[in-house]
Amino acid sequence: MDPDLILYLQTMEMETFPNGNSAAAPTTAAITAVSNSAAATATATATPSSKLTQLAESLKLEHQFLRVPFEHYKKTIRGNHRIVEKEISAVISGVSEAADGGELSTDDAVQHLNSLVSRLQGLKRKLEEGSHTEHLQAQRCRARVDHLESADADNLSEWNNTRLKRILVDYMLRMSYYDTAIKLAESCNIQDLVDIDVFKEAKKVIDALQNKEVAPALAWCADNKSRLKKSKSKFEFQLRLQDFIELVRAENNLRAITYARKYLAPWGATHMKELQRVMATLAFKSSTECVTYKVLFESKQWDYLVDQFKQEFCRLYGMTLEPLLNIYLQAGLSALKTPFCYEDDCTKEDPLSQESFRKLALPLPFSKQHHSKLVCYITKELMDTENPPLVLPNGYVYSTKALEEMAKKNNGKITCPRTGLVCNYSDVIKAYIS
Amino acid sequence: MELNTIKDAFDRVAKKQKLSTSKSQEVIDQVGHELDQALTNIQSIQDPTSPADQKSILMELKAKLNAIGPHSQLEGSQKELNINLSKYPKSLEKTFNPDISKAYRNVDFDPHIVNHIIASHFYRVGLFDVADTLINEAGEPEVISLKSHFMELHQILEAVSVRNLEPALYWVSTNRESLKHIGSNLELKLRRLQFVEILQNSTQADALNYARTYLAPFASLHMDEIQKLMGCLLWAGKLDRSPYSELLSPTHWETLAEELARQFCSFLGQSYESPLSVAVSAGLEGLPTLLKLANVMSAKKQEWQAMKQLPVPVDLGKEFQFHSIFVCPVSREQGSEENPPMLLPCGHVLCKQSIMKLSKSSTRTFKCPYCPLEASVAQCKQLYF
Chain H
1 MDPDLILYLQ TMEMETFPNG NSAAAPTTAA ITAVSNSAAA TATATATPSS KLTQLAESLK
61 LEHQFLRVPF EHYKKTIRGN HRIVEKEISA VISGVSEAAD GGELSTDDAV QHLNSLVSRL
121 QGLKRKLEEG SHTEHLQAQR CRARVDHLES ADADNLSEWN NTRLKRILVD YMLRMSYYDT
181 AIKLAESCNI QDLVDIDVFK EAKKVIDALQ NKEVAPALAW CADNKSRLKK SKSKFEFQLR
241 LQDFIELVRA ENNLRAITYA RKYLAPWGAT HMKELQRVMA TLAFKSSTEC VTYKVLFESK
301 QWDYLVDQFK QEFCRLYGMT LEPLLNIYLQ AGLSALKTPF CYEDDCTKED PLSQESFRKL
361 ALPLPFSKQH HSKLVCYITK ELMDTENPPL VLPNGYVYST KALEEMAKKN NGKITCPRTG
421 LVCNYSDVIK AYIS
Chain C
1 MELNTIKDAF DRVAKKQKLS TSKSQEVIDQ VGHELDQALT NIQSIQDPTS PADQKSILME
61 LKAKLNAIGP HSQLEGSQKE LNINLSKYPK SLEKTFNPDI SKAYRNVDFD PHIVNHIIAS
121 HFYRVGLFDV ADTLINEAGE PEVISLKSHF MELHQILEAV SVRNLEPALY WVSTNRESLK
181 HIGSNLELKL RRLQFVEILQ NSTQADALNY ARTYLAPFAS LHMDEIQKLM GCLLWAGKLD
241 RSPYSELLSP THWETLAEEL ARQFCSFLGQ SYESPLSVAV SAGLEGLPTL LKLANVMSAK
301 KQEWQAMKQL PVPVDLGKEF QFHSIFVCPV SREQGSEENP PMLLPCGHVL CKQSIMKLSK
361 SSTRTFKCPY CPLEASVAQC KQLYF
């Protein structure tokens with residue numbers, strides 16, 4: 001088990017007796033504190049090897065990176081196979097028809113067979129094209145694995161830059177900023193590492209839904225019928241409901257009823273309530289003021305369908321439902337958030353010194369520390385056993401490095417940058433912080 | 001990262017896919033062959049009025065196609081492919097974390113804020129046209145001042161990369177007073193590089209002239225430096241073999257570019273590193289711990305969504321350490337204004353509340369929990385980090 005988690009469980013136990021006798025048992029606390037500080041120094045002097053374990057941990061987050069192109073590949077394989085099956089069946093039944101049917105003149109028979117031959121030739125062409133696409137997609141899957149494998153200590157900062165760009169392209173695609181996504185991918189030459197092709201499919205459906213057309217979305221549902229069924233998706237039902245509502249809006253009531261019989265009734269067993277509610281619009285019409293039904297005619301229903309589609313789409317491809325950027329930003333901001341970030345003298349290097357990041361972090365939890373982490377006010381370097389903290393007579397603390405440097409330049413004199421106090425280097429004392 | 005199992009699993013998929021495709025081709029060819037055969041047979045019938053022959057040919061064709069059994073052939077190869085197609089995602093799930101949104105809190109980020117942050121990031125890294133496209137596509141207002149500032153920075157840095165210091169010197173001269181105020185000697189460093197360049201590529205006289213005009217004003221503060229540079233004049237043309245050869249090192253250009261960028265950003269009131277990149281990197285480092293925690297806490301999803309502080313520390317590298325955080329080793333409380341860190345006479349540091357408890361509200365002396373030294377509250381001193 002992870003040491004952090006063990007510690008967490010321990011603190012949970014301790015916290016079940018709030019303000020109990022924690023001061024009466026300083027020894028146990030001190031022991032854990034000591035073992036913690038050992039861990040602290042170990043992390044503070046981060047060796048390349050610990051950087052590498054960290055890298056390995058963060059690579060495990062890249063599931064979507066390999067999964068999405070694979071799902072795309074799989075889809076192409078399935079689609080191509082379906083075409084082959086369909087066309088072969090058509091040819092065979094064409095032969096059967098001719099054999100079992102009535103008399104044919106020779107010309108007719110020849111013509112019939114010729115049409116079947118050209119159909120087969122068409123299939124062959126399609127198969128070739130299809131297998132070319134499959135080949136390219138397989139290459140993309142491989143390129144992704146190779147890219148993950150290429151990350152190591154030497155190219156880490158460059159690799160991480162690319163990673164940020166990938167995350168940003170993902171954000172653009174999910175927000176439907178396609179031009180920006182394409183431009184960013186091109187400018188850094190990472191087309192193989194992002195899923196622009198996959199989202200092109202989504203774009204068609206989303207554009208249509210924004211134009212209040214359901215047909216492409218329905219076609220997409222039909223394409224992915226079995227998988228949507230497996231995840232118990234009701235997206236198709238929601239599309240049908242909207243289609244029905246549009247018929248009611250147009251006062252095409254008879255057609256609406258026929259439509260409902262054909263497309264809504266099959267969902268009755270599982271979604272009776274929604275079905276009933278929508279059917280009632282026949283009585284209320286689009287001009288109704290009755291709130292329950294009025295909302296069904298509002299155009300934001302279409303926006304809702306777009307959101308719904310995006311979710312189904314992401315789920316189908318094994319993507320996270322939220323943009324990767326939001327997930328990483330949220331984790332990062334929680335880990336960085338301390339009460340000090342919101343003070344006026346927060347250093348500019350902290351993202352949380354900026355208003356925009358502060359706003360994003362507002363609903364997020366603060367980070368927690370189990371051991372002290374002290375940063376020198378002057379050098380901004382960590383104060384640890386290598387560079388221990390020194391206390392001035394006024395209680396202000398700076399790192400040994402900073403004060404030594406200052407003393408060397410000023411004949412052993414120290415000036416406190418925050419209070420202006422001047423003292424001798426020999427007046428400072430070392431503080432032991434565990 | 002060890003990805004051989006993943007690679008192998010994928011190779012198996014790709015192999016089966018190729019097999020399946022060639023099987024399809026084979027089946028198509030077989031069917032096509034029979035059709036061609038039947039066509040030739042029909043066309044070679046002597047008596048066109050005899051439909052019986054035709055019929056038998058077609059019947060024969062049908063029987064032959066049935067015998068080939070194209071469907072069962074296709075199914076066989078497809079079945080093997082399907083097995084591998086469903087195996088691969090499973091091995092991905094085993095090696096990777098299949099759901100990194102498990103620790104995600106259901107709060108919506110305002111897309112305008114996020115877009116603004118991203119656009120600023122693009123300016124900062126010099127992707128100006130990508131930023132423009134984003135602003136256009138997302139319908140966000142342009143941050144013109146930021147854009148022009150970063151454009152200036154990128155022009156300066158681009159010029160520096162081809163050893164042209166003019167734009168940098170121009171910027172330094174327009175901000176001379178403020179730079180002086182913060183004790184920056186950026187200008188001297190720029191002049192020094194330029195002096196060495198002149199000495200390398202031009203005459204001794206030119207270099208001397210340059211020094212008189214541009215280096216002399218620094219004499220009062222940086223005499224050492226200038227003496228060294230004057231020494232270089234003696235080695236004009238063979239500086240690489242002089243005691244000053246170190247001045248030729250290209251690292252001077254790199255560190256200067258970095259220092260320029262740092263000071264430029266700090267003048268803008270901006271950080272040197274892109275804040276977006278810092279926050280995302282922190283997320284990449286911190287998320288694995290958060291995901292483990294979310295797993296442990298999966299039964300208490302409610303609590304996870306509502307907590308005001310993370311229950312475990314998320315250890316980030318020291319590059320993410322922006323603030324001093326004191327944690328009392330006894331009470332484990334984070335130091336604050338009400339409960340500040342206190343220095344004991346022995347040099348150990350505890351928080352005020354712990355000291356009050358140990359001293360029974362300063363009614364008696366107490367032993368430091370780390371060393372046997374006795375202390376009284378009056379001897380303890382508040383610390384400011």
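Chains H and C are the protein sequences, given in the same order.
Numbering-wise (the numbering used here), the first sequence opens with residue 1 and increments by one.
Numbering-wise (the numbering used here), the second sequence opens with residue 1 and increments by one.
Ideal Cβ positions, reconstructed from N, Cα and C, are used throughout, including at glycine.
Check	Outcome
Residues near C:P341 in its chain [Cβ-Cβ closer than 7 Å; skip 5 each side]	F326, G335, V349, C351 and L383
Counterpart residues of H:Y432 in DSSP-defined beta bridges	C:H348
Within 7 Å, strictly: CB atoms of C:S274 and C:H121	yes
Below-7 Å beta-carbon distance, C:Q321 vs any chain H residue	yes
Status (buried if at least 16 other CB within 10 Å, exposed otherwise) for C:L373	exposed
Cβ neighbours of H:L59 in the same chain (closer than 8 Å, five flanking residues each side left out)	L148 and A151
Contacting residues, own chain, Cβ-Cβ under 7 Å from C:A219 (five flanking each side not counted)	I226
C-beta neighbour in chain C for H:E15, strict 7 Å	The predicted position of H:E15 is uncertain, since its pLDDT is 40 and thus under 50; no value can be drawn from it.
Pairwise C-alpha distance: C:N84 and C:K90	10 Å
C-beta contact flag for C:L58 and H:A90 at 7 Å	no
Spatial distance of C:F109 from H:I429 (CA atoms)	47 Å
Alpha-carbon to alpha-carbon, H:V205 and C:K18	31 Å
Same chain, Cβ closer than 7 Å to H:K126, five either side skipped, listed in chain order	I83
Proximity test, Cβ basis, 7 Å: H:K232 and chain C	no
C:N106 burial status per 10 Å Cβ neighbour count (16 or more: buried)	exposed
Residues of the region 74-101 of chain C whose Cβ lies closer than 8 Å to any Cβ of chain H, in chain order	L74, Q78, L81, L85, Y88, P89, L92, E93, T95, F96, N97, P98, D99, I100 and S101
Inter-residue Cα distance where the pair is H:A40 and H:H371	Its pLDDT being 38, under 50, H:A40 is placed unreliably in this model, and the value from its coordinates should be taken loosely. In a straight line, the C-alpha of H:A40 is about 7 Å away from that of H:H371.
CA nearest to the CA of C:R124, picked from C:F322, C:E152, C:V314 and C:I113	C:E152
Coarse secondary structure for C:A375, derived from DSSP in three states	strand
Cβ separation of H:V315 and H:L321, assumed to be a contact under 8 Å, to the nearest whole Å	Looking at the sequence shown, residue 315 of chain H is not Val but Arg. H:R315 to H:L321, Cβ: 7 Å. Contact.
Distance between C:S184 and C:G317 (C-alpha atoms, nearest Å)	29 Å
Reduced DSSP category for H:I167 - H, G, I as helix; E, B as strand; rest coil	helix
Same chain, Cβ closer than 6 Å to C:F366, neighbours up to 5 away in sequence not counted	L358 and S359
With 16 other Cβ atoms within 10 Å as the buried cut-off, status of C:K292	buried
Cutoff 7 Å: C:E137 Cβ touching any chain H Cβ	yes
Proximity below 7 Å, CB of H:L374 to CB of C:F195	no
Proximal chain H residues relative to C:M307, where beta-carbon distance stays under 8 Å	P365
C:K18 - DSSP class collapsed to helix/strand/coil	helix
DSSP-derived helix/strand/coil call for H:M175	coil
Rounded separation between H:A153 and H:N80 - CA only	42 Å
Among C:C265, C:H71, C:P98 and C:S281, nearest to H:I167 - alpha-carbon criterion	C:S281
Beta-ladder partner(s) of H:L438, from DSSP	Outside the shown range of chain H (1 to 434) lies residue 438 of chain H, about which nothing can therefore be said.
Start and end residues, beta strand (DSSP E) containing C:S145	Note, C:S145: premise wrong, no beta strand (DSSP E); alpha helix (DSSP H) at I144 to S161.
The region 180-190 of chain H in contact with the region 125-136 of chain C per 3-pair CB rule at 8 Å	yes
Reduced DSSP category for H:T414 - H, G, I as helix; E, B as strand; rest coil	A small correction: the amino acid at residue 414 of chain H is Ile; Thr does not occupy that position in the sequence shown. Three-state result, H:I414: strand.
H:E57 vs C:P288 beta-carbon contact at 7 Å	yes
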